[in-house]
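Only one structure is covered here, and it is reproduced in the block below.
2 protein chains.
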Amino acid sequence: MPVIGRPRGFDADLALDAAVDVFWRRGYGGASLSELTAAMGINRPSIYATYGDKAQLFQSALRRYVEQNMGYVTDALHRPTAREVAAAFLTGNARAVTMPGRPAGCLSVQAAVAPEHSAQLESLTQNRATIQALFADRFRRAIDEGDLAGDEDPDELAAFLITVTSGFAVRAADGTSHEALLAVAQRALASFPATLGSASRSNSRTTESKEHTHA
Amino acid sequence: MPVIGRPRGFDADLALDAAVDVFWRRGYGGASLSELTAAMGINRPSIYATYGDKAQLFQSALRRYVEQNMGYVTDALHRPTAREVAAAFLTGNARAVTMPGRPAGCLSVQAAVAPEHSAQLESLTQNRATIQALFADRFRRAIDEGDLAGDEDPDELAAFLITVTSGFAVRAADGTSHEALLAVAQRALASFPATLGSASRSNSRTTESKEHTHA
DNA sequence: AGTATTCTGTACTGATCGGTACGAAATAGA
DNA sequence: TCTATTTCGTACCGATCAGTACAGAATACT
Numbered sequence: 163m164p165v166i167g168r169p170r171g172f173d174a175d176l177a178l179d180a181a182v183d184v185f186w187r188r189g190y191g192g193a194s195l196s197e198l199t200a201a202m203g204i205n206r207p208s209i210y211a212t213y214g215d216k217a218q219l220f221q222s223a224l225r226r227y228v229e230q231n232m233g234y235v236t237d238a239l240h241r242p243t244a245r246e247v248a249a250a251f252l253t254g255n256a257r258a259v260t261m262p263g264r265p266a267g268c269l270s271v272q273a274a275v276a277p278e279h280s281a282q283l284e285s286l287t288q289n290r291a292t293i294q295a296l297f298a299d300r301f302r303r304a305i306d307e308g309d310l311a312g313d314e315d316p317d318e319l320a321a322f323l324i325t326v327t328s329g330f331a332v333r334a335a336d337g338t339s340h341e342a343l344l345a346v347a348q349r350a351l352a353s354f355p356a357t358l359g360s361a362s363r364s365n366s367r368t369t370e371s372k373e374h375t376h377a
Numbered sequence: 163m164p165v166i167g168r169p170r171g172f173d174a175d176l177a178l179d180a181a182v183d184v185f186w187r188r189g190y191g192g193a194s195l196s197e198l199t200a201a202m203g204i205n206r207p208s209i210y211a212t213y214g215d216k217a218q219l220f221q222s223a224l225r226r227y228v229e230q231n232m233g234y235v236t237d238a239l240h241r242p243t244a245r246e247v248a249a250a251f252l253t254g255n256a257r258a259v260t261m262p263g264r265p266a267g268c269l270s271v272q273a274a275v276a277p278e279h280s281a282q283l284e285s286l287t288q289n290r291a292t293i294q295a296l297f298a299d300r301f302r303r304a305i306d307e308g309d310l311a312g313d314e315d316p317d318e319l320a321a322f323l324i325t326v327t328s329g330f331a332v333r334a335a336d337g338t339s340h341e342a343l344l345a346v347a348q349r350a351l352a353s354f355p356a357t358l359g360s361a362s363r364s365n366s367r368t369t370e371s372k373e374h375t376h377a
């Protein structure tokens, strides 16, 4: 790496975090270079030298956002049963989109609205499609492992979860509280297939009333 | 009305429809005056003389959008039971956000992303809050009328539906098909309380398998 | 010290943004 | 035909946009 020449006067990852925050709040088109430079604490040519143009900066910011703020996805995927995967994903997302001290909502959803540059929309859509595929694969494995009924459609279950969490992002940006989203998560979970095989229901269920009987 | 002076050379409602289309696809910030004038077939001063500035034009477009493209909301509210209200709302929204020949998604969601002007975000949020309140009131009536269990929370049920349809808007903008959204709608409906009182289940249910037993 | 190399800060570029001034065009009433 | 009134079209306004040229500053190597 470059050891000769004037050393960089800022932390590239820290500045990228600031850019994440701006894109998160404003979206891609709504984030101006002036606002980005102000938030990142560096001036314009430093951005272009370090990250490339605005589109490349956004891609880097999106990657970092996923790393830093979507850990709940892989956490959820590692739960032992399909139902616990779904529960962890829904509650984890509800928490992530209403984190105090961070912008409400989800960068991936906020930025996907004004698709002036189709390249950005493309990567965002693909990002969500990838996550959906991860859950679909996880549910296929659950069927193999026997904790999910074989007549369930893994793709449809994954689509259901992604749709609900996409809704969470919109609602959170609207100002909906964490508690309200959790209540919705519990109701959504009520329509998720029950866990098979374990006589003792090992799910970490927090609601009391409604039970779903699966044929 | 003004009968004297040069007559207007365009249909104000037709031009507004074109503006709706642009805002629908691009959002508020993403819709430039140049694109609006091109789509509406009129030039800039005519817009300002007829509708006011960009913010006022957007408000008019939003109002017309609700009138022209959200009829399924009032349709749903008039269904006889809470469950049919929910079913009609979900399927009606799934249809509306994937209408062929129209932009995918929902103007109200598309435009809510880059809140550079908080006034626009305000009206959009309030728009959705109003709809949510309408459904909550409808569910309160359903409890009074006896087709919805008294221990259900009308506000929470309304929040659930709004969250799912918000998700529909995002997913449709992502390119998700009408059929995929309908499948999600059916699953969401599975977590909706069953209709009370009517021995013969009068719901227009199209799925076959899952049934929800309410305590 | 001198040079090569890299980064920083200012100041700029052309393009586009929302919004408007102003004169020509088109109507109604006189 | 003349005047009052309204709309239309062009051509512009200052502000902001993303992106960059260029000179000075800071380091390493010789």
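Each protein sequence line maps, in turn, to chains A and B. Letter 175 of the first sequence, counting from 1, is numbered 337 in my numbering, and no numbers are missing. Letter 172 of the second sequence, counting from 1, is numbered 334 in my numbering, and no numbers are missing. Think of the CB as a built atom: it goes at the ideal place given N, C-alpha and C, for glycine as much as any other residue.
So which residues on chain A does B:Gly359 lean against when the C-beta distance must stay under 9 angstroms? Within the second sequence, the letter at position 197 stands for residue 359 of chain B. Listed along the chain, the chain A residues whose CB falls inside 9 angstroms of the CB of B:Gly359 amount to none; the nearest CB is some 19 angstroms away.
Using a C-beta cutoff of 9 angstroms, does A:Ile324 count as contacting chain B? Reading the first sequence from its first residue, position 162 is the one you call residue 324 of chain A. Taking a beta-carbon distance threshold of 9 angstroms, A:Ile324 counts as an interface residue toward chain B.
Neighbourhood of B:Gln282 by C-beta distance below 7 angstroms, restricted to the same chain and skipping five residues each side: Here residue 282 of chain B refers to the residue found at position 120 when the second sequence is read from its first residue. The residues are Tyr190, Ala217, Phe220, Ala273.
Given that B:Val346 touches chain A, what residues does it touch there, using C-beta distances under 7 angstroms? In the second sequence, the residue the question calls residue 346 of chain B occupies position 184. Here the neighbours are Ala321, Phe322, Thr325.
Restricting to runs no shorter than 3 residues, where is the beta strand (DSSP E) found entirely within the region 287-355 of chain B? For the region 287-355 of chain B, not a single whole beta strand (DSSP E) run of length 3 or above is found.
Interface residues of chain A around B:Ser353 at Cβ under 7 angstroms? Working through the second sequence from its first residue, we reach residue 353 of chain B at position 191. Within chain A, the residues near B:Ser353 are Arg349, Ala350, Ala352, Ser353.
Own chain partners of A:Ala177 with C-beta closer than 7 angstroms, once the 5 adjacent residues on each side are dropped: The count along the first sequence starts at 1 and reaches residue 177 of chain A at position 15. Excluding positions up to five away in sequence, the list reads Met202, Gly203, Ile204.
In this structure, how does DSSP classify B:Met261 when only helix, strand and coil are distinguished? Taking the second sequence and counting its residues from 1, one reaches residue 261 of chain B at position 99. Under the three-state reduction of DSSP, B:Met261 is assigned to coil, being neither helix nor strand.
Going by beta carbon distance, what residues of the same chain come within less than 8 angstroms of B:Glu223, once the five residues before and after it are set aside? By 1-based counting over the second sequence, the position of residue 223 of chain B is 61. The question names Glu, but residue 223 of chain B is Ala in the sequence shown. The residues Leu178, Ala181, Val182, Phe185, Leu269, in chain order, have a CB closer than 8 angstroms to that of B:Ala223 in the same chain once the five nearest residues on each side in sequence are set aside.
Quick one, are the C-beta atoms of A:Thr357 and A:Leu252 less than 9 angstroms apart? For the purposes of this step, residue 357 of chain A is taken as the residue at position 195 of the first sequence. For the purposes of this step, residue 252 of chain A is taken as the residue at position 90 of the first sequence. No, Cβ-Cβ distance for A:Thr357 and A:Leu252 is not below 9 angstroms.
Collapsed DSSP secondary structure at B:Met232 in the structure displayed: Counting from one through the second sequence, the residue named residue 232 of chain B turns up at place 70. For B:Met232, the three-state secondary structure derived from DSSP is coil.
Please identify the residue among B:Ala291, B:Val259, B:Thr199, B:Leu323 whose C-alpha is closest to the C-alpha of B:Asn231. Taking the first residue of the second sequence as position 1, residue 231 of chain B is located at position 69. Its Cα nearest to that of B:Asn231, the residue B:Val259 stands out among B:Ala291, B:Val259, B:Thr199, B:Leu323.
Outcome for A:Ile166 when other beta-carbon atoms lying within 10 angstroms are tallied against a minimum of 16: As a working note, residue 166 of chain A is residue 4 in the first sequence. Classification of A:Ile166: exposed, given that the 10 Å Cβ count is below 16.
From what residue to what residue does the alpha helix (DSSP H) around B:Arg206 run? Taking the first residue of the second sequence as position 1, residue 206 of chain B is located at position 44. First-last of the alpha helix (DSSP H) with B:Arg206: 206-213.
Where does the unbroken alpha helix (DSSP H) through A:Val184 begin, and where does it stop? The residue labelled residue 184 of chain A in the question sits at position 22 within the first sequence. Looking at the DSSP string, the run of the alpha helix (DSSP H) that includes A:Val184 is 174-192.
A:Gly359, DSSP secondary structure in three states: Within the first sequence, the letter at position 197 stands for residue 359 of chain A. Coil at A:Gly359, not helix or strand.
Considering only their Cβ atoms, is the gap separating B:Phe330 from A:Gly329 smaller than 9 angstroms? If you number the first sequence from 1, residue 329 of chain A lands on position 167. If you number the second sequence from 1, residue 330 of chain B lands on position 168. Judged by their CB atoms, A:Gly329 and B:Phe330 are nearer to each other than the 9 angstroms cut-off.
Could you tell me whether the Cβ atoms of A:Ser208 and A:Arg170 are closer together than 9 angstroms? To locate residue 208 of chain A, count along the first sequence from 1; it is residue 46. To locate residue 170 of chain A, count along the first sequence from 1; it is residue 8. Between A:Ser208 and A:Arg170, the CB-CB gap stays under 9 angstroms.
Measure from the alpha carbon of A:Tyr227 to the alpha carbon of each residue in A:Glu246, A:Gly214, A:Thr199, A:Leu286, then state which is nearest. To locate residue 227 of chain A, count along the first sequence from 1; it is residue 65. Comparing Cα-Cα distances from A:Tyr227 to each of A:Glu246, A:Gly214, A:Thr199, A:Leu286, the minimum goes to A:Leu286.
Looking at the secondary structure, which residues open and close the alpha helix (DSSP H) in which A:Ala200 lies? Translated into the one-based positions of the first sequence, residue 200 of chain A becomes position 38. Segment 195-202, the alpha helix (DSSP H) holding A:Ala200.
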